[in-house]
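Residue numbers (our numbering), protein chains in the order written: chain D, 580 to 679; chain S, 1166 to 1250; chain X, 813 to 969.
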């Protein structure tokens, strides 16, 4: 029961992130929606697997994938944004800019 | 409940593919490609939950590893070369 | 060479994770894991002057890390709500903010930037001595890094 609700929350979170990627204006705001897909979609689904097969081999494997994903996903996101900023894509309508 | 989750998930994947076609700078396309890879991982996890055969988790792990290496390599190359579009 | 002995914790962590991934106590698996962990540890010790495993085998730091994880979970849920609201209404308020983490260790700054990027709504754009964060909903009165630096100082300093 609780796993079904968590599964539905994960898919709805993936849908909201995808709509956000379509709606936002520039790539710096789009990556927030991408983070929402990867954390709210993939990592929540891994938690669902770890609950559903609790105490078996596969829950251990799901927790290990969870840790691996939590360590590597911010690195790739940061590298993309850093490359975009280095090649001169300016973020739109900023309220405050310390990096200038 | 898993059938409804499948439908919402495929709608989200179609929207991300539209973003990949539309995006006009390289960073938009790279973000969309990264997210498509993560949606592939999500696909395999849903398959593992639906069929109750969690052997698909190995495929998901391998895919996550290769996706991370590929994204970092491509964006480091772009940062060095300075390609704009 | 002295650095190689400091990486014993790293070797132990790699070997434990190998055993968990293969999940068997067969002799061939154990021998292959031993060789691979030794090779990876020898490659790693040229690049790093710290050991990640110091954080996992120290019970005081591990308890602080647990508290940090719970705080991080609440911040995660709250910022998910915020970004979802911003997606539905379409109103954004972006800004790039400078943060001075003043952590001494490289590992502390790296993990702070990691956990800032992992919450949706904030992503770290550049790191030199300071940390430059692009945030989606910027308000003047709210300090975005308050929770992370306050609790992370106990763990990562």
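Even glycine gets a Cβ: it sits at the ideal position worked out from N, Cα and C.
These numbers come from a predicted model, not from an experiment.
- In the structure shown, the three-state DSSP call for residue 1211 of chain S is helix.
- Residue environment for residue 661 of chain D: buried (at least 16 other C-beta atoms within 10 angstroms of its C-beta).
- Where residue 835 of chain X is concerned, there is no enclosing beta strand (DSSP E), because DSSP gives it neither an H nor an E.
- Look at residue 671 of chain D: its C-beta is under 9 Å from a C-beta on chain X.
- Three or more pairs of CB atoms, one per stretch, sit closer than 8 Å, so the region 662-679 of chain D contacts the region 937-952 of chain X.
- Against residue 936 of chain X, the close residues of chain D are 657, in the order they occur along the chain (beta-carbon pairs closer than 7 Å).
- In the DSSP assignment, residue 934 of chain X falls within the unbroken beta strand (DSSP E) covering 934-939.
- Rounded to whole angstroms, residue 643 of chain D and residue 1221 of chain S show a C-alpha spacing of 14 Å.
- Under DSSP, residue 910 of chain X takes part in a beta bridge, and its partners are X/944.
- Against chain S, a Cβ distance below 7 Å from residue 583 of chain D picks out 1166.
- Assignment of alpha helix (DSSP H) within the region 878-932 of chain X, counting only whole runs of 4 or more residues, yields 918-930 in chain order.
- Within the region 824-845 of chain X, the residues whose Cβ lies closer than 8 Å to some Cβ of chain D are 829, 832, 833 and 835, listed in chain order.
- Not a single CB atom of chain D sits nearer than 9 Å to the CB of residue 1186 of chain S.
- About 41 Å separates the CB atoms of residue 906 of chain X and residue 857 of chain X; that is not less than 8 Å, and the two are not in contact.
- Using beta-carbon distances, residue 1231 of chain S does not count as an interface residue toward chain D, since no partner is under 9 Å.
- Proximity of residue 612 of chain D to chain X, defined by a Cβ-Cβ separation below 9 Å, is satisfied.
- Contact between the region 1174-1189 of chain S and the region 591-599 of chain D is present: 3 or more CB-CB pairs across the two stretches fall below 8 Å.
- Annotation: the continuous alpha helix (DSSP H) that includes residue 1172 of chain S extends over 1167-1187.
- With respect to the 9 Å criterion, residue 927 of chain X and residue 960 of chain X are classified as neighbours on the basis of their beta carbons.
- Taking all protein chains shown into account, residue 838 of chain X has fewer than 16 neighbouring C-beta atoms within 10 Å of its C-beta and is therefore exposed.
- Within the same chain, 924 come within 6 Å of residue 964 of chain X by CB-CB distance, once the 5 residues on both sides are set aside.
- Contact between the region 634-653 of chain D and the region 607-623 of chain D is present, with at least three C-beta pairs closer than 8 Å.
- Only those residues of the region 604-628 of chain D whose C-beta falls short of 8 Å from the nearest C-beta of chain X are listed: 604, 607, 608, 610, 611, 612, 614, 615, 618 and 619.
- When beta bridges are read from the DSSP output, residue 676 of chain D appears opposite X/908.
- For residue 1221 of chain S, the enclosing alpha helix (DSSP H) has its first and last residue at 1221-1246.
- The C-beta separation of residue 904 of chain X from residue 853 of chain X comes to about 45 Å, leaving the pair out of contact by the 8 Å criterion.
- Taken in chain order, the members of the region 890-921 of chain X whose beta-carbon sits within less than 7 Å of a beta-carbon on chain D are 892, 895, 896, 899, 902, 904, 905, 906, 907, 908, 909 and 910.
- Residue 675 of chain D and residue 608 of chain D have their C-alpha atoms spaced approximately 15 Å apart.
- Within the region 621-667 of chain D, complete alpha helix (DSSP H) segments of at least 4 residues are found at 623-631 and 636-665, given in chain order.
- In the DSSP assignment, residue 841 of chain X falls within the alpha helix (DSSP H) that extends over 839-856.
- Counting along the chain, the unbroken alpha helix (DSSP H) around residue 608 of chain D starts and ends at 606-616.
- For residue 648 of chain D, the residues of chain S that pass the 7 Å Cβ criterion are 1229, in the order they occur in the chain.
- Residue 584 of chain D is positioned such that its CB atom lies no closer than 9 Å to that of residue 1196 of chain S.
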